[in-house]
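Chains as they are written, first to last, in this note's numbering: chain Y, -2 to 571; chain R, -2 to 571. Below: one structure, written as structure tokens.
There are 2 protein chains.
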Amino acid sequence: MRASRFFISTLKEAPSDAEIVSHQLMMRAGMIKRLGSGIYTYMPMGLKVIRKVEAIVREEMNKAGAIELLMPLVQPAELWQETGRWDKMGPELLRVKDRHGRDFAIQPTSEEVITDVVRSEIKSYRQIPLNFYHIQTKFRDERRPRFGLMRGREFTMKDAYSFDRDVAGMQKSYKIMFDAYTQIFTRFGLKFRAVAADNGAIGGTGSHEFHVIASTGEDALVYCPTSDYAANMEAAEAVASGTRAAAGAALTKTSTPKAAKCEDVAKLLGIDLKQTLKTIALTAEEDDGSKKYFMLLLRGDHELNEIKASKVPGLAKNRFSTEAEILEVYGCKPGYLGPIGTKAPVTVVADRTVALMSDFVTGANEVDFHYTGANWGRDMAEPAIVADLRNVVEGDASPDGKGVLAIERGIEVGHVFQLGTAYSESMQATFLDENQKPAPLQMGCYGIGITRILGAAIEQNFDDKGIIWPTSLAPFQLVLCPMGMDRSELVKAETEKLYNEALAAGIDVILDDRGQRPGAMFADWELIGVPHRVVIGERGLKEGNLEYQGRRDTEATAVPVAEALAFIKGKLAQ
Amino acid sequence: MRASRFFISTLKEAPSDAEIVSHQLMMRAGMIKRLGSGIYTYMPMGLKVIRKVEAIVREEMNKAGAIELLMPLVQPAELWQETGRWDKMGPELLRVKDRHGRDFAIQPTSEEVITDVVRSEIKSYRQIPLNFYHIQTKFRDERRPRFGLMRGREFTMKDAYSFDRDVAGMQKSYKIMFDAYTQIFTRFGLKFRAVAADNGAIGGTGSHEFHVIASTGEDALVYCPTSDYAANMEAAEAVASGTRAAAGAALTKTSTPKAAKCEDVAKLLGIDLKQTLKTIALTAEEDDGSKKYFMLLLRGDHELNEIKASKVPGLAKNRFSTEAEILEVYGCKPGYLGPIGTKAPVTVVADRTVALMSDFVTGANEVDFHYTGANWGRDMAEPAIVADLRNVVEGDASPDGKGVLAIERGIEVGHVFQLGTAYSESMQATFLDENQKPAPLQMGCYGIGITRILGAAIEQNFDDKGIIWPTSLAPFQLVLCPMGMDRSELVKAETEKLYNEALAAGIDVILDDRGQRPGAMFADWELIGVPHRVVIGERGLKEGNLEYQGRRDTEATAVPVAEALAFIKGKLAQ
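This is the structure we're talking about:
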């Protein structure tokens, strides 16, 4: 490609609504252009990257035996009503009426349509397993779209759906997709991590998220550096190590004026925060209006994990108790609650770590007073429920017993789900087995946020000059920057020669023939993030050399003209 | 591709709502699947064809210097309001409100968005000419979607938009696109014709349609076999040849009871239909409610062209006169009207052919009476207006004077427009010229109905067995049909060998390893329309032969195994 035949439009300053670096750099590099809130035109430079992402995804999906089709954007409401998602999805689902007043959804995902396709196409066990995918525009009417392509409303997603006869088959299909995703993200050249995830609203029996590692990532990823264990924060299990020490101190009521927080109590008493107990009062309201009260206990330095809490029996639907409820049930204002003397209707739920504590400090259910030297069994009943209630922290024991946990930040770019029969049962997607007996199809679904990859790749790879694309995703692998091509026949000739050789070698090369000054030209390509650059100048040529510089290099390397192509090929292969 | 790893689903019968052959065959071949009215899932077999269409379009657009980007599907109403199309488009434009109640359009085309992109990107004459295109899903809420992909609601279109500094530049860009389209349809391997078209509602100064020739086509294409002249029926000029003969007969009022139509009059009087005059009474109503009356005259065997009529001064907005208006203005019921004695407020508009007639027969403005021997100038005033009012017919003189016209049927698959400044003026898309003077950009727009190509290609290429794809568009170029691959080691070995050789040669080959009976296997591939087939059977192999059969061939050809690949390559190159 010649730059004069392409469209390059860079900006010195990012628009003020671009809050994060990937959004800023994509706007400045002319990769995207805002059309409306969370809606972007993919400009030629950005589209080139999207196509590279798509090509790698498509190749690996095909290799893994998935079959590409294309499902419509505008989908009849009837199908979404069959699964109940027409009502469940809320305002994120963009709804539209056609000229006849019929309801349609603009697809945010395609479980319903693929299940509809498959229920009419698959009759027999002989036709499965099958895995269909498409790469298609999606729309999710986010409440607060932001961060450019990271949380847009219109975006491109690859979504795949597998159909199997039984759970073992589904798990096999799932494993094939997991491996394909690993291959895809490896080919992208990005540092990534697959973590076990909570299945959440989509239902089903198992799932993993694929995250691009970036310090700016929204999600905390938990992993064990000495084993395979990895999970997101919602799903990472916090295990309690060791056993409870015997009581060593006497229970003592202590004045702790104005110290309602664990941090304040520890400071006041000159003790470790780890010796304090954090008390969280929750109310679970039943459909009939009746209420149940739960006192959750965490170690002072730990944080509540709401997903885990909601899995405690009776807490599926919970909220923080109001101050009025707390006064009524505990006879004390919040800040000084504790398990000592707590009785029905309150159920005490202790985190696993808390259940192993002894000689701890806890609220006295009296304003401005705490107990020190508190012990389970001796000073109060053992907790009614012991459960994993907290977020893990660095240094926790790994649940697989093979080391201690570390935490890093990531950006979710892929998700694989074992759906089971959630959709096939509600939509009657069945097949006949060997005995002509119908059974629901076992499904899996597998998504990759194609356009989101761009944002995530940049969050992981940038510097103060701009983007640093991995070679596999770069809009162009190589840029040729001739110095004064219009003035020097020698520069022109060598540039054209190298350009044609690179094209013939299948290198995705751009020749900057715009006639810009060197400074502006280099700044553009550093901003755009082309990973390999060759400068062709008369002075160098007279010594027989070109100048190569990788995007992360701090200095250029002189390369003999005759060896240039081989040198570049070597760099591209790294 | 191995058929066992692909998804093949054929039907013996087409669904009853498939009215035309391409729709029937695409459904039967498992290429598309109906999701809703005018909305289809592109199944794997159909998507493969779409991708081939897209690839050819993309290559030729890039070669022609157009630059690909991707504009959003969901577009803010504000832009459509700027050009007035938000109101003008009617219910064909699918409108949607987001969660905040803001209005959006699901794009049926992207003039507004590209003009918005360009008005902020293009500042100077130095940045143009530019031509941007995208290949994107479109939605048009057709009143009566039908014919499968031929008139769907959701479809894929390639739309390109050129931006130039002046009319000469725009015409140059237009010519480049015209030539690219010619190259694209040539590469498709389809018989096609480019015809001059009326610009219609989109505005602008010139346009051509590209039609795939098919006897089932909805449009009549007019062309001159001995010259370059070609136009669609709306735009084809009807010229009147020769001069008016002198009056030879006397004007005679003749009783023509119950003969209100030209055909009946000619039959009754025993004369040629070409001697009669067809009278059409039109009313043009002004915005202030005032009415003007026009009597249009055509030769009895000719048909009114409403587009041409609407271009007659005063007839921009017209309708057929009501019977009450006719009685009031002409003093006679319809069926017996004629120009003799007609006076204000009626304006007589004669078709060019009519203006040259003499001794003709026309209504006497009296029920059951006509005049014979009528002549202009002698029996009535010369017509107030002479204009081209009619559709051309086979045998008419070509407007370029280089032969006579022929007519064939076509399916519109592409359209190129000179838009001029219609959009750039309403949206203030200007550039600064050498003198820093702003001027509106001169635009062109260029569309190809990607998914419609499939339907049109089939309408042109099918037989009673199924589709006959041109090699360039076929889902697979070559199918290998082994006979008893699971029983014969020889068949298996030779099949695998040829399959791998074909793959290595870059041939898009499918190996039918499904283990079907030969009859069912052949029927599937004939229905799907793969253009080249090789049968590998044990009996043939023992004689050293494979069997080749082209989709249009009536018999198979024995080909020595050693020559098979070269033979196939030769066929593919034809």
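Yeah, the Cβ is synthetic: ideal placement off N, Cα and C, and Gly gets one too.
**Report entry** Among Y:313, Y:535, Y:292 and Y:277, the one whose alpha carbon lies nearest that of residue 284 of chain Y
**Finding:** What you label residue 284 of chain Y is simply residue 287 of the first sequence in a count that begins at 1. Answer by Cα proximity: Y:313.
Report task. May I ask you to report which of helix, strand or coil DSSP gives residue 112 of chain R? Result -> In the second sequence, residue 112 of chain R corresponds to position 115, counting from 1. In this structure, residue 112 of chain R counts as helix in the three-state DSSP scheme.
Query raised in the report: Is residue 173 of chain Y near residue 189 of chain Y, with beta carbons less than 8 Å apart?
Result: Counting from one through the first sequence, the residue named residue 173 of chain Y turns up at place 176. Counting from one through the first sequence, the residue named residue 189 of chain Y turns up at place 192. In this structure, residue 189 of chain Y does not lie closer than 8 Å to residue 173 of chain Y by Cβ.
Query raised in the report: Between R:66, R:75 and R:40, which lies nearest to residue 68 of chain Y when the distance is taken from Cα to Cα?
Result: Sequence index remark: in the first sequence, residue 68 of chain Y carries index 71 (1-based). Per the Cα distances, R:40.
Query raised in the report: Out of R:23, R:155 and R:63, which has the shortest C-alpha to C-alpha gap to residue 2 of chain Y?
Result: The residue you call residue 2 of chain Y lines up with position 5 of the first sequence. Of the candidates R:23, R:155 and R:63, the one whose C-alpha sits nearest the C-alpha of residue 2 of chain Y is R:63.
Query raised in the report: Would you say residue 297 of chain Y reaches chain R, if we count a Cβ-Cβ gap shorter than 8 Å as a contact?
Result: Position 300 of the first sequence, counted from the first residue, corresponds to residue 297 of chain Y. Output row for residue 297 of chain Y: interface = no.
Query - Three-state class that DSSP yields for residue 71 of chain R in the structure shown - result: Residue 71 of chain R sits at position 74 when you count from the first residue of the second sequence. Strand at residue 71 of chain R.
**Report entry** beta strand (DSSP E) segments (min. 3 residues) lying fully within the stretch 7 to 86 of chain R
**Finding:** 29 to 33, 36 to 39 and 71 to 73
Query - Proximal residues of chain R, C-beta to C-beta of residue 72 of chain Y below 9 Å - result: Taking the first residue of the first sequence as 1, we reach residue 72 of chain Y at position 75. Here the neighbours are 32, 33 and 36.
Requested in this report: Would you mind stating whether residue 221 of chain R and residue 402 of chain R have Cβ atoms separated by less than 8 Å?
Outcome: In the second sequence, counting from the first residue as 1, residue 221 of chain R sits at position 224. In the second sequence, counting from the first residue as 1, residue 402 of chain R sits at position 405. Yes, these two residues count as a Cβ contact at 8 Å.
Query - Simplified DSSP state of residue 104 of chain R, which is helix, strand or coil - result: In the second sequence, residue 104 of chain R corresponds to position 107, counting from 1. Coil, per DSSP.
Requested in this report: With 7 Å as the limit, tell me which residues of the stretch 78 to 90 of chain Y have their beta carbon closer than that to any beta carbon of chain R; keep them in chain order.
Outcome: 88
**Report entry** Residues within the stretch 38 to 59 of chain Y neighbouring chain A, beta-carbon criterion of under 7 Å
**Finding:** No chain A appears in the structure shown, which is made up of the protein chains Y and R.
Query raised in the report: How many Å lie between residue 508 of chain Y and residue 183 of chain Y at the Cα?
Result: In the first sequence, residue 508 of chain Y corresponds to position 511, counting from 1. In the first sequence, residue 183 of chain Y corresponds to position 186, counting from 1. The alpha-carbon atoms of residue 508 of chain Y and residue 183 of chain Y are separated by roughly 29 Å.
**Report entry** residue 442 of chain Y, enclosing beta strand (DSSP E) - first and last residue
**Finding:** The sequence position of residue 442 of chain Y within the first sequence is 445, counting from 1. Start and end: 439 to 446.
Report task. To the nearest angstrom, report how far apart residue 141 of chain Y and residue 21 of chain Y are at their CA atoms. Result -> Here residue 141 of chain Y is taken as the residue at index 144 of the first sequence, counted from 1. Here residue 21 of chain Y is taken as the residue at index 24 of the first sequence, counted from 1. In a straight line, the C-alpha of residue 141 of chain Y is about 18 Å away from that of residue 21 of chain Y.
Query raised in the report: Touch check for the stretch 417 to 428 of chain Y and the stretch 80 to 95 of chain Y: three-plus C-beta pairs under 8 Å?
Result: yes
**Report entry** residue 95 of chain R at chain Y interface by Cβ criterion, 8 Å
**Finding:** As a position in the second sequence, residue 95 of chain R is number 98, starting the count at 1. Yes, because at least one Cβ of chain Y sits closer than 8 Å to the Cβ of residue 95 of chain R.
Query raised in the report: Is it true that the CB of residue 301 of chain R sits closer than 8 Å to the CB of residue 277 of chain R?
Result: Mapped onto the second sequence, residue 277 of chain R falls at position 280. Mapped onto the second sequence, residue 301 of chain R falls at position 304. Going by C-beta atoms, residue 277 of chain R is nearer than 8 Å to residue 301 of chain R.
Query raised in the report: Using the beta-carbon of each residue, which ones in chain Y are nearer than 7 Å to residue 62 of chain R?
Result: Locating residue 62 of chain R in the second sequence gives position 65, where the first residue counts as 1. Residues of chain Y passing the Cβ test: 2.
Query raised in the report: Does any CB atom of chain Y fall closer than 8 Å to the CB of residue 482 of chain R?
Result: Residue mapping note: residue 482 of chain R aligns to position 485 of the second sequence, counting from 1. Taking Cβ atoms only, chain Y never reaches closer than 8 Å to residue 482 of chain R, which makes this a no.
Query raised in the report: Does at least one heavy atom of the ligand FMN sit under 7 Å from the Cβ of residue 317 of chain Y?
Result: No copy of the ligand FMN appears in this structure; indeed no ligand is present at all.
Requested in this report: Look up residue 470 of chain Y in the DSSP assignment and say whether it is helix, strand or coil.
Outcome: Here the question's residue 470 of chain Y lines up with position 473 in the first sequence. Reduced to three states, the DSSP call for residue 470 of chain Y is coil.
Query - Segment contact flag, the stretch 513 to 532 of chain Y with the stretch 15 to 32 of chain R, C-beta cutoff 8 Å, min 3 pairs - result: no
Query raised in the report: Is there contact here, the stretch 130 to 138 of chain R with the stretch 151 to 164 of chain R, by at least three beta-carbon pairs under 8 Å?
Result: yes
Query raised in the report: Which chain R residues are close to residue 121 of chain Y, counting only those with a beta carbon under 7 Å from its beta carbon?
Result: Here residue 121 of chain Y refers to the residue found at position 124 of the first sequence. Ordered by position in chain R, no residue passes the 7 Å Cβ test against residue 121 of chain Y, which lies about 12 Å from the chain.
Query raised in the report: Are there 16 or more other CB atoms within 10 angstroms of the CB of residue 572 of chain Y, so buried, or fewer, so exposed?
Result: Because chain Y is modelled from -2 through 571, residue 572 of chain Y falls outside the range shown and cannot be assessed.
Report task. May I ask you to report which of helix, strand or coil DSSP gives residue 478 of chain Y? Result -> Here residue 478 of chain Y refers to the residue found at position 481 when the first sequence is read from its first residue. It is a strand residue.
Query raised in the report: Is residue 438 of chain Y near residue 129 of chain Y, with beta carbons less than 8 Å apart?
Result: For the purposes of this step, residue 438 of chain Y is taken as the residue at position 441 of the first sequence. For the purposes of this step, residue 129 of chain Y is taken as the residue at position 132 of the first sequence. Against a cut-off of 8 Å, the Cβ pair of residue 129 of chain Y and residue 438 of chain Y comes out as no contact.
Query raised in the report: Going along the chain, which residues of the stretch 130 to 145 of chain R sit with their C-beta nearer than 9 Å to a C-beta in chain Y?
Result: 131, 133, 134, 136, 138, 139 and 140
**Report entry** Assigned secondary structure, residue 497 of chain Y (DSSP; H/G/I helix, E/B strand, else coil)
**Finding:** Here residue 497 of chain Y refers to the residue found at position 500 of the first sequence. DSSP places residue 497 of chain Y in helix when its eight states are reduced to three.
**Report entry** Short CB-CB distance (under 8 Å) between residue 198 of chain Y and chain R
**Finding:** Along the first sequence, read from residue 1 onward, the residue named residue 198 of chain Y stands at position 201. Per-residue confidence for residue 198 of chain Y stands at a pLDDT of 48, beneath the threshold of 50, marking its modelled position as unreliable; no derived number is given.
**Report entry** Neighbourhood of residue 109 of chain Y by C-beta distance below 8 Å, restricted to the same chain and skipping five residues each side
**Finding:** Taking the first residue of the first sequence as 1, we reach residue 109 of chain Y at position 112. Excluding sequence neighbours, residue 109 of chain Y sits near 72, 76, 77, 79, 80, 82, 420 and 424.
Query raised in the report: Looking only at C-alpha atoms, which of R:370, R:511 and R:321 sits nearest to residue 600 of chain Y?
Result: Missing from the structure shown is residue 600 of chain Y; chain Y here goes from -2 to 571 and no further.
Query - Coil, strand or helix - residue 93 of chain R by DSSP - result: Taking the first residue of the second sequence as position 1, residue 93 of chain R is located at position 96. Here residue 93 of chain R sits in strand by DSSP.
Query - Whole alpha helix (DSSP H) elements within the stretch 167 to 212 of chain R, 4-residue minimum - result: none
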